[in-house]
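2 protein chains.
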Amino acid sequence: MSQTPEPPVERSAPTSADVARLAGVSRATVSYVLNNTPAVRISEPTRLRVRAAAEELGYVPHAAARSLRAGRTRTVVVPTPGHPGGPLPGRFLDDFETELRRLEYTVVQYGSTGLDGDEAARAWAELRPVAVVCLGETQPTRHGVRLLRRSGARAVVTLGPRGTEGAHSLVMDQRRIGACAAAHLLRRGRRAIGVVLPEDPGAARLARPRLEGARAAAAGAGARIAPLPMAYEEEPAAALAARWRSLELDAVYAYDDAYAMLLMRALQDEGVDVPRETAVVGAGDLLLGRLLRPRLSTVRIDTMSGGDLAGLVDRAVREPGAPARERELMAARPVHRESS
Amino acid sequence: MSQTPEPPVERSAPTSADVARLAGVSRATVSYVLNNTPAVRISEPTRLRVRAAAEELGYVPHAAARSLRAGRTRTVVVPTPGHPGGPLPGRFLDDFETELRRLEYTVVQYGSTGLDGDEAARAWAELRPVAVVCLGETQPTRHGVRLLRRSGARAVVTLGPRGTEGAHSLVMDQRRIGACAAAHLLRRGRRAIGVVLPEDPGAARLARPRLEGARAAAAGAGARIAPLPMAYEEEPAAALAARWRSLELDAVYAYDDAYAMLLMRALQDEGVDVPRETAVVGAGDLLLGRLLRPRLSTVRIDTMSGGDLAGLVDRAVREPGAPARERELMAARPVHRESS
DNA sequence: TTGAAAGCGATACCAG
DNA sequence: CTGGTATCGCTTTCAA
């Protein structure tokens, strides 16, 4: 009944007690009705009164209170890759999330840029997630995994270059991609192979192991590998092309299709004949790679779909006793077109 | 001292009470020490004992309990766009999240595919977020905004084609892009303009208003607009190109640069001269668009950076009384290269 | 069929 | 300087 001139009405959210009061029942009854608790039978008139009261007040249950009481959550924490252009296809994350939500999990995507492994694990553990799925750069240590399990996580899944002890590890070894590209070029008779190293830090992290893979493949064949740092811009590509002949290379693996397209165009502008003088191969099998002439050869990367991963997480949650396994996940195979 | 053969040790997470017991102090003291509460002075030996106990047990505070007690969270819910290739540049989301985390918010990315506006608002409200930033397709109604504010959200920000009453609305009118592309083509003397409509549902949502914008621009100039449905694959592009001459168009706005590249190549393969016979323009100013010959003309889209948006959210949270404003966000300008 | 009350974990007030 | 204790919102057992 105060006469204040109505401030921006910040009365706080209605609670189940408010609903109970308005409906003239107890809080317990409100809970039974709104959760359709099957073990308890509530008369129809009461149900209606409660529902109407909740509706009228705009009642929304308080997730924190509920999970505190329940002692568990349906939260899946997903530390996401910091940068786009990572190893996962565009739709992956979206599929993954959508499927988890269909399985009634709450997906909390957690950007963990700037936290080291164990700090990050602590931060995730505060949310008492039922599962943690590490897709990003920040991979937990085995210490972190233990911490998470102790704080109630029934599954810890990692997807990255190496597995982690105690976690379900899906290993994506980027070296295979470099090895596949190099092997393809070797088979085509090339013996002096440049490997583009992106300067973008996100891509660089994947590029290193790809270079290593190429080196390993070349070593067996007595071929030469030359690392070629390059930024994803037209000028650096042109600069690299300008000194191309002095490098005396007969092939280049350009990290991925976007870099390959950029470099191939720069080479052509410089008068270098692709593939006669220099073969070019990318990775990722982008549709756009088929549009240049010659059509770009590439490495196709086959991996798990987002939906499959969601299923795997759900199974791990339901069967938390199962031993944490490590699985090789990624397959790479060359797609020969015209540029190599 | 039990002799059990160590089962998968699922003792539940240690609480502050466990820490207190081990350190020989009260729970209150534990809380003071671990939060560095400045108003209370605790002796150094006690602090050390508490810290050691917490460390030993692997204690991690329980976020739900804390925010329940505190009555507020630092959670920002971000319903994300369901599909990639949306209006926001690749780095946007990552920048946005990173900056919010720097400002000490917990970012909960919430995929809301398959929920309608008001159900989604309810789901978000359960988390009692301090702010909600809707980037995706699911935009709240003004009803939803009220519900969120009632449940404690100090800011609701929407970024989409239309504003919502009661929310801070950043309006990105896709019609401008289509209008800009069409105006450019009209200025170049074209009078029969095809507009590509992607069949992918994510892109289609943006394509409709872009078509409308093109129509509006053409209407003033007595030019003709022809919608051209096309999927993002090589065959459909080739099929469209095959019947191109029967369409009697002298220009095409191809939704975005990727579609434009695909269609332009198909037209060239069909012997259609670009730009003489048909001018082609895309949108988004992809680097790859400069690699084809002729170089692709495009529409450059200038919008807010992720960091800027995070700053705006933070300000809105700190000054919840400020009136919810609506701001036009997007600028479009033509970039003339060689294909038009 | 409904209500009273305990308790989930953390915090902040008020005594001691 | 430190400890007891009420409290946040909700669920669930036990009694009525």
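First to last, the protein sequences are chains L and S.
With the first letter of the first sequence counted as 1, position 135 gets the number 135 in UniProt numbering; the numbers rise by one all the way through.
With the first letter of the second sequence counted as 1, position 23 gets the number 23 in UniProt numbering; the numbers rise by one all the way through.
Each residue gets a CB set at the ideal place from its N, CA and C atoms; glycine is no exception.
Run of the alpha helix (DSSP H) containing residue i, from where it starts to where it stops
i, result
"Q268(L)", "D257 to D269"
"H336(S)", "No alpha helix (DSSP H) contains H336(S), which DSSP labels as neither H nor E."
"D308(L)", "G306 to R318"
"Y32(S)", "R27 to N35"
"D273(S)", "Unbroken run through D273(S): none, as it is neither H nor E."
"S16(L)", "S16 to A23"
"L148(S)", "R142 to R150"
"H62(S)", "Where H62(S) is concerned, there is no enclosing alpha helix (DSSP H), given that its DSSP letter is neither H nor E."
"P45(S)", "E44 to L57"
"E119(L)", "G117 to A125"
"A183(L)", "R175 to R187"
"R245(L)", "W244 to L247"
Where the beta strand (DSSP E) through residue i begins and ends
i, result
"T158(S)", "A155 to G160"
"D302(L)", "T298 to D302"
DSSP bridge partner residues for residue i (one or two, in chain order)
i, result
"V76(L)", "V107(L) and A131(L)"
"M230(L)", "P198(L)"
"L170(S)", "L159(S) and R327(S)"
"Y253(L)", "V195(L) and V281(L)"
"A332(L)", "I301(L)"
"R224(L)", "A192(L)"
Burial state of residue i, where buried means 16 or more other Cβ atoms lie within 10 Å
i, result
"H184(S)", "buried"
"A258(L)", "buried"
"G284(L)", "buried"
"P198(L)", "buried"
"T4(S)", "Low per-residue confidence applies at T4(S): pLDDT is 31, beneath 50, and the placement is therefore not dependable, though the value from the model is reported in the following sentence. T4(S) should be labelled exposed."
"E233(S)", "exposed"
"V40(S)", "exposed"
"H336(S)", "exposed"
"S43(S)", "exposed"
"S339(L)", "buried"
"A121(S)", "buried"
"P14(S)", "buried"
"A226(L)", "exposed"
"T37(S)", "exposed"
"S12(S)", "exposed"
"V19(L)", "buried"
"A237(L)", "buried"
"L48(S)", "exposed"
"E55(S)", "exposed"
"G71(L)", "exposed"
"S246(L)", "exposed"
Distance CB(residue i)-CB(residue j) smaller than 8 Å
i, j, result
"L262(S)", "L287(L)", "yes"
"H168(L)", "A155(L)", "yes"
"V196(L)", "Y255(L)", "yes"
"A218(S)", "A251(S)", "no"
"T138(L)", "P79(L)", "yes"
"V60(L)", "A125(S)", "yes"
"L135(S)", "L159(S)", "yes"
"W244(L)", "V272(L)", "yes"
"L127(L)", "G58(S)", "no"
"A214(S)", "G189(S)", "no"
"D173(S)", "T141(S)", "no"
"T164(S)", "V130(S)", "no"
"A182(L)", "Y253(L)", "yes"
"A316(S)", "F96(S)", "no"
Presumed contact (8 Å Cβ cut-off) between residue i and residue j, rounded CB distance
i, j, result
"E326(L)", "V171(L)", "6 Å"
"D269(S)", "A241(S)", "7 Å"
"A64(S)", "S67(L)", "5 Å"
"V77(S)", "T46(S)", "V77(S) to T46(S), Cβ: 39 Å. No contact."
"A192(L)", "L249(L)", "5 Å"
"C180(S)", "R290(S)", "Contact doesn't hold; Cβ gap of about 19 Å is too wide."
"T303(L)", "M264(L)", "About 25 Å; that fails the 8 Å criterion."
"A53(L)", "L22(L)", "4 Å"
"A324(S)", "G166(S)", "5 Å"
"G306(S)", "D94(S)", "7 Å"
Any non-hydrogen atom of the ligand GTP within 7 Å of residue i CB
i, result
"V76(S)", "This structure simply doesn't include the ligand GTP, nor any ligand for that matter."
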